[in-house]
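Here the structure is laid out as structure tokens; the discussion comes afterwards.
Number of protein chains: 2
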Amino acid sequence: MPTPTGSGGAAGPTAADDVEALAGRAAASSRAFAQTAPRDRARALVAVGDALAAAADELIDLAMAETGLARPRLTGELKRTVVQLKLFAETIVDGAYLDARIDPADPEFALGARPDLRRTLVPLGPVLNYAGSNFPFAFSVAGGDTAAALAAGCPVIVKGHPGHPQLSIRTAAIVAEALAVAGMPDGVFQLALGQEAGVALLKDDRIRAGSFTGSLRAGRFLADVAAARPRPIPFFGELGSVNPVFVFPSAAAGAGAAATIGAGFAASISGSAGQLCTKPGFLFVPAESAAELTRAVASGVAGVPEQRMLNPQIASGFVARQHTVLGADGVSTVVDGGTRLDGDEQGWVTPTVASTTVAALSAAGSAVLDEAFGPLSVVVAYDDVSELAALAAELFPGNLTSTVFLGEGDESALVHEFVSVLSETSGRVLFGGWPTGVAVTPAMQHGGPYPATTSDSGTSVGSAAITRFLRAVTYQDAPQPLLPPQLRDDNPWNVPQTISPPGASATWGALV
Amino acid sequence: MPTPTGSGGAAGPTAADDVEALAGRAAASSRAFAQTAPRDRARALVAVGDALAAAADELIDLAMAETGLARPRLTGELKRTVVQLKLFAETIVDGAYLDARIDPADPEFALGARPDLRRTLVPLGPVLNYAGSNFPFAFSVAGGDTAAALAAGCPVIVKGHPGHPQLSIRTAAIVAEALAVAGMPDGVFQLALGQEAGVALLKDDRIRAGSFTGSLRAGRFLADVAAARPRPIPFFGELGSVNPVFVFPSAAAGAGAAATIGAGFAASISGSAGQLCTKPGFLFVPAESAAELTRAVASGVAGVPEQRMLNPQIASGFVARQHTVLGADGVSTVVDGGTRLDGDEQGWVTPTVASTTVAALSAAGSAVLDEAFGPLSVVVAYDDVSELAALAAELFPGNLTSTVFLGEGDESALVHEFVSVLSETSGRVLFGGWPTGVAVTPAMQHGGPYPATTSDSGTSVGSAAITRFLRAVTYQDAPQPLLPPQLRDDNPWNVPQTISPPGASATWGALV
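Protein chains in written order, with our numbering: chain P, 42 to 553; chain F, 42 to 553.
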């Protein structure tokens, strides 16, 4: 196996020559990998998961040292990463994801005799995956985008995040080794380090798709690079999200409701030091309950211990956002958690809570509306519940999640309209829960209209994520031996095939 | 109903104020249209098809006058357009396209108790569809992109092609009327005319996706506009394709093979005056059979009558391409069909055939390799069949179709490798047929790597085209009455729902 970084395993940036070699190896492995049987790739994904699980102690120690995240959180995240790899194994093993369609030749076709047509999904080719900072396992080297692309049959180059280089190198070595032992072609998994290498690879014609988890600024920059290439490629960036939560009067009224909601919100904004893309940034509450709910939130965050932020860059960005938000006109500080910088420029934080009104929030605009990546959230008092739908549509046009708390049986026309707005502006709509903690399942959607993502045609969590890395090819009148296995009459992989019945087209329109 | 163009039905360009009104009406209709039942939209699509069929005589006369295409071709194309609308009705009527997924709450989930998650596809919102010039029915106002977007539940604004404005206005009126009678919301279908209106609409934040059929230059310009918006949107451009055809020695050798292939090629490059995106631009033949095959092609085109090109702009572009191709070093003229301009600047053509060698073609580059939109194709003699795979990968990186002619039972490793290259560079791979004439079926793929399209994640022909206009939303722990019908337990639309069995996640990875 080549060394994962192309640079002898060192944590320095990947050199230009090595970038060239990485792209070359990915492209060279592409066809052989695309032609592996889904069952064999599934076995390889399980092997990768098992290898990571076996190295848990070493990997978690590395992750703690490089990210400041706590052991229980990292233990859970590594387990999630392993389960995620196995979910994708499960997703591909029966070959249903190939969407094999067969339209037999039809001499009676309404528009004249029709040839034999067989369509299947095939991998896009080499995928460049930019790792995120905040999930050093689940959205990094062996994370969801890597699992989805490998499951699809695409070679992967991960551009490692500078926040955890040693962990990235070690994880990459384990992944590459497990894939090799499982018989996958050389070059299907590689690691690059450094911003220049990341951009150079994105411009390389051999790279056929990009995926990214990170900031709006970096993600939009890279999306623009991908779109401006001589041959543009799809770029799936998961950027930023403020995940508003709306408490309806019917939910705030019940006995104990304020305490429960306040405590839940406090926990959701505090976990992982608020460095989650699904952290709720705003809690909209009825004006008449605002004082009580704000007290409950303040009480909830009071006991949260100081946590280290992921790295000095994120800490300094968070300090700037704190300053801007708390200094905005009409914004009051409820709890100032501050940010303490230690001798290594690492930031240590406890949650910060602010409060404001709808009018002040609208007037402040992006100063307050933009994402604060860290434990800062804003309680917003509203006067009239009937204004919420228009407000959500205007202030929150694109989010990963939106949440509404409703009283039992509150299903008025106003609620229906509000839920419609949330479904138009969000990838996931929650009822009476908290958006942090994203289940890795077939029905998960982790995406959303821009700026939540650069492309909301896919998801970056859950088994549906595989579709981002596939395109379709149709074979017309092909001899059986020249068809890919999933399209043959003898169906050697035993995949589900959707076969149009003879004369099906004659009935078009007759059913309705 | 508003007048289709927003300009009193006249064929002049849509004014800026009217552009604003069109976008406003599309956005205003979006939610109500998204919430119509698939069965009701299916009925509406059938009604549109029936209304167009009922107006066939009038529409075909208009199309003949504006495009110069012949009555039999236009009669077939209108029939195809009607069948296409009904295919999309059939595609949505059972609701399977919604991909409804339900993961019931799972207290035993491997990563901790999991909420109830329900995921469905929903329409993107208003779609702007740029009509093509060469299919005044099937890729124009009521064409495939319109049918797919309406089927998905997206309001459509068609930017009509200037080559057939009166036909566009009349078709739009029939479509809008049929949709209104079928009970669809006002504003779900509108027409805009003029280049400025087309660009202004693409920049309008209320437009959520674009689709386009036309030239590489215009398509790339619009794709760049879509990508550069403050909020980027997906843009599905079907641009250009040269659709190479490769005759293997095993196919050229048989008795009568040259005559059959030559006649088929001649017919495929001549139909619709060569103004088809699937027109084969190159015929690669073994050097030893080149003379015979070239004679067969020349003989095949000899009897083709003069045809009018679509419009003066296309004619002048074709004259320029003829001049460039026939003047390139190493290119010989086999048949010079010329281009006769009449008093109205309309171009009249018979097929032009050139011949060259692989070496001269490689040396000439884009001068010869670029698409010639019209009846001009090049016969290319190759010396060594083992060079074809590398040649196809290098010279033809993105095409709608590629075709190979093989002898009976020719399934050598070299053939397998060649077919792999074609499947990597093309949306459709044909064996012993001609790429013109695209069946509208579930297994059709009409797309391909750039520059065949700006995004090969979808198809612009066949029922799979609907996926381009959908995104996903997940509902977490939603009360039943607030779920969209397709995700409810009582399943009032009776759509297929994929429900994860309890504890399914516990088995992940166990199967492989």
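Beta carbons are placed, not taken as given, at the ideal position from N, Cα and C, and that holds for glycine. All figures in this text were calculated on a predicted structure; none of them were measured in a lab.
Please work out which residues of its chain come closer than 6 Å, Cβ to Cβ, to V89 (chain P), disregarding the five sequence neighbours upstream and downstream, and give them in chain order.
Numbered from 1 along the first sequence, position 48 holds the residue referred to as residue 89 (chain P). Correct list, in chain order: L126, V216, A219.
Neighbour flag for H457 (chain P) against chain F, beta carbons, 8 Å:
Indexing the first sequence from 1 puts residue 457 (chain P) at position 416. At least one chain F Cβ lies under 8 Å of H457 (chain P).
Cβ-based neighbour list, D144 (chain P), same chain, cut-off 6 Å, excluding 5 preceding and 5 following:
Position 103 of the first sequence holds residue 144 (chain P). Cβ within range, chain order: L158, S541.
Here's the rule I'm using: 16 or more other beta-carbon atoms within 10 Å means buried, otherwise exposed. How should S48 (chain P) be labelled?
Here residue 48 (chain P) refers to the residue found at position 7 when the first sequence is read from its first residue. Confidence at S48 (chain P) is low in this model, with a pLDDT of 43, below 50, so its placement is unreliable and the value that follows should be read with caution. Buried.
Report yes if the CB atom of A179 (chain F) is closer than 8 Å to the CB atom of R121 (chain F), and no otherwise.
By 1-based counting over the second sequence, the position of residue 179 (chain F) is 138. By 1-based counting over the second sequence, the position of residue 121 (chain F) is 80. In this structure, R121 (chain F) lies closer than 8 Å to A179 (chain F) by Cβ.
DSSP bridge partner residues for W554 (chain F) (one or two, in chain order):
Missing from the structure shown is residue 554 (chain F); chain F here goes from 42 to 553 and no further.
Output, in sequence order along the chain, the residues in the stretch 113-124 of chain F whose CB is closer than 9 Å to any CB in chain P.
G117, K120, R121, V123, V124
For E386 (chain F), does the count of other Cβ atoms within 10 angstroms reach 16, so buried, or fall short, so exposed?
Position 345 of the second sequence, counted from the first residue, corresponds to residue 386 (chain F). Exposed, since its Cβ has fewer than 16 Cβ neighbours within 10 Å.
Quick test of your reading: A141 (chain F) and P476 (chain F), contact by CB under 8 Å. State the CB separation rounded to the nearest angstrom.
Counting from one through the second sequence, the residue named residue 141 (chain F) turns up at place 100. Counting from one through the second sequence, the residue named residue 476 (chain F) turns up at place 435. Contact flag wrong, Cβ pair sits at about 36 Å.
Give the straight-line distance between the Cα atoms of A81 (chain F) and T161 (chain P), rounded to the nearest whole angstrom.
Here residue 81 (chain F) is taken as the residue at index 40 of the second sequence, counted from 1. Here residue 161 (chain P) is taken as the residue at index 120 of the first sequence, counted from 1. According to the sequence shown, residue 81 (chain F) is Asp rather than Ala. One C-alpha to the other measures close to 30 Å.
Assuming A293 (chain F) contacts V326 (chain F) under a Cβ cut-off of 8 Å, what Cβ separation, rounded to an integer in Å, is found between them?
In the second sequence, residue 293 (chain F) corresponds to position 252, counting from 1. In the second sequence, residue 326 (chain F) corresponds to position 285, counting from 1. Confirmed, about 6 Å.
Rounded to whole angstroms, what's the CA-CA distance from Q76 (chain P) to R112 (chain P)? Just pull it up for me.
Numbered from 1 along the first sequence, position 35 holds the residue referred to as residue 76 (chain P). Numbered from 1 along the first sequence, position 71 holds the residue referred to as residue 112 (chain P). Spanning the two alpha carbons is a distance of roughly 40 Å.
With 8 Å as the threshold, decide whether the Cβ of R72 (chain F) is near any Cβ in chain P.
Against the second sequence, residue 72 (chain F) aligns to sequence position 31. Closer than 8 Å: yes.
Would A190 (chain P) and V182 (chain P) qualify as a contact pair, given that the criterion is a beta-carbon distance under 8 Å?
By 1-based counting over the first sequence, the position of residue 190 (chain P) is 149. By 1-based counting over the first sequence, the position of residue 182 (chain P) is 141. Their beta carbons are not under 8 Å apart, which means A190 (chain P) does not touch V182 (chain P) by this criterion.
Name, in chain order, the residues that DSSP records as bridge partners for G489 (chain F).
Within the second sequence, the letter at position 448 stands for residue 489 (chain F). In DSSP, G489 (chain F) forms no bridge with anything.
Excluding the 5 residues flanking P525 (chain F) on each side, which residues of the same chain have their C-beta closer than 7 Å to its C-beta?
Taking the second sequence and counting its residues from 1, one reaches residue 525 (chain F) at position 484. Excluding sequence neighbours, P525 (chain F) sits near T161.
State the Cα-Cα distance for the pair T55 (chain F) and L169 (chain P), rounded to the nearest angstrom.
The count along the second sequence starts at 1 and reaches residue 55 (chain F) at position 14. The count along the first sequence starts at 1 and reaches residue 169 (chain P) at position 128. Each residue's alpha carbon lies about 43 Å from the other.
How is K320 (chain F) classed by DSSP in three states: helix, strand or coil?
Here residue 320 (chain F) is taken as the residue at index 279 of the second sequence, counted from 1. If DSSP states are grouped into helix, strand and coil, K320 (chain F) belongs with coil.
Closest by CA to D383 (chain F), which one among F:K244, F:G322, F:L351, F:R362?
Within the second sequence, residue 383 (chain F) is the residue found at index 342, counting from 1. Checked all of F:K244, F:G322, F:L351, F:R362; the closest Cα to D383 (chain F) is F:L351.
To be precise: take each residue of the stretch 144-155 of chain P, compare its Cβ to all Cβ atoms of chain F, and keep it if any distance is under 9 Å. Which residues remain?
D144, D147, F150, A151, L152, G153, R155
S464 (chain F) to A64 (chain P) span [Cα, whole Å]
On the second sequence, residue 464 (chain F) is found 423 positions in, with the first residue counted as 1. On the first sequence, residue 64 (chain P) is found 23 positions in, with the first residue counted as 1. C-alpha separation (whole angstroms): 21 Å.
So which residues on chain F does Y171 (chain P) lean against when the C-beta distance must stay under 8 Å?
In the first sequence, counting from the first residue as 1, residue 171 (chain P) sits at position 130. Result: empty, since nearest Cβ-Cβ is about 18 Å, beyond 8 Å.
Among F:A267, F:D135, F:F306, F:L367, the one whose alpha carbon lies nearest that of W534 (chain F):
As a working note, residue 534 (chain F) is residue 493 in the second sequence. Considering only alpha carbons, the answer is F:D135.
For the alpha helix (DSSP H) that G185 (chain P) lies in, which residues bound it at each end?
Taking the first residue of the first sequence as position 1, residue 185 (chain P) is located at position 144. Unbroken alpha helix (DSSP H) run through G185 (chain P): 185-193.
By DSSP, does L511 (chain F) sit in helix, in strand, or in coil?
Walking along the second sequence from the start, residue 511 (chain F) turns up at place 470. Three-state DSSP puts L511 (chain F) in a strand.
Nearest-angstrom Cα distance between V288 (chain F) and R249 (chain P)?
Here residue 288 (chain F) is taken as the residue at index 247 of the second sequence, counted from 1. Here residue 249 (chain P) is taken as the residue at index 208 of the first sequence, counted from 1. Near 29 Å, if we compare the C-alpha coordinates of R249 (chain P) and V288 (chain F).
Output needed for D91 (chain P): all residues of its chain with C-beta closer than 8 Å, excluding positions within five of it in sequence on either side, in chain order.
What you label residue 91 (chain P) is simply residue 50 of the first sequence in a count that begins at 1. Excluding positions up to five away in sequence, the list reads V123, A219.
Report the neighbours of P54 (chain F) on chain P: residues whose CB is nearer than 7 Å to its CB, in chain order.
As a working note, residue 54 (chain F) is residue 13 in the second sequence. Under the 7 Å cutoff, chain P gives no residues; its nearest Cβ is about 28 Å from P54 (chain F).
Can you find a CB in chain F that lies within less than 8 Å of the CB of P483 (chain P)?
The residue labelled residue 483 (chain P) in the question sits at position 442 within the first sequence. True, the Cβ-Cβ gap to chain F drops below 8 Å.
Closest Cβ-Cβ distance between G474 (chain F) and chain P: below 8 Å?
Taking the first residue of the second sequence as 1, we reach residue 474 (chain F) at position 433. So yes, G474 (chain F) belongs to the interface.
For the stretch 141-188 of chain F, which segments carrying the beta strand (DSSP E) assignment without a break, of at least 3 residues, lie completely within its bounds, in sequence order?
141-144, 158-164, 168-171
Can you pull the DSSP bridge partners for A517 (chain P)?
The residue labelled residue 517 (chain P) in the question sits at position 476 within the first sequence. At residue 517 (chain P) the sequence reads Gln, which differs from the Ala that was named. Q517 (chain P) pairs with P:L158, F:L471.
Give a yes or no on whether the C-beta atoms belonging to L324 (chain P) and V286 (chain P) are separated by under 8 Å.
As a working note, residue 324 (chain P) is residue 283 in the first sequence. As a working note, residue 286 (chain P) is residue 245 in the first sequence. In this structure, V286 (chain P) lies closer than 8 Å to L324 (chain P) by Cβ.
What are the uninterrupted segments assigned as beta strand (DSSP E) that are 3 or more residues long and contained completely in the stretch 64-144 of chain F, given in chain order?
141-144
Looking at chain P, is there any beta carbon in it that lies within less than 8 Å of the beta carbon of H364 (chain F)?
Here residue 364 (chain F) corresponds to residue number 323 of the second sequence, with the count starting at 1. No, its Cβ sits nowhere closer than 8 Å to a Cβ of chain P.
Starting from the beta carbon of Y516 (chain F), find every residue of chain P whose beta carbon is closer than 7 Å, and list them in chain order.
Walking along the second sequence from the start, residue 516 (chain F) turns up at place 475. Near Y516 (chain F) (Cβ distances below 7 Å), the residues of chain P are V470.
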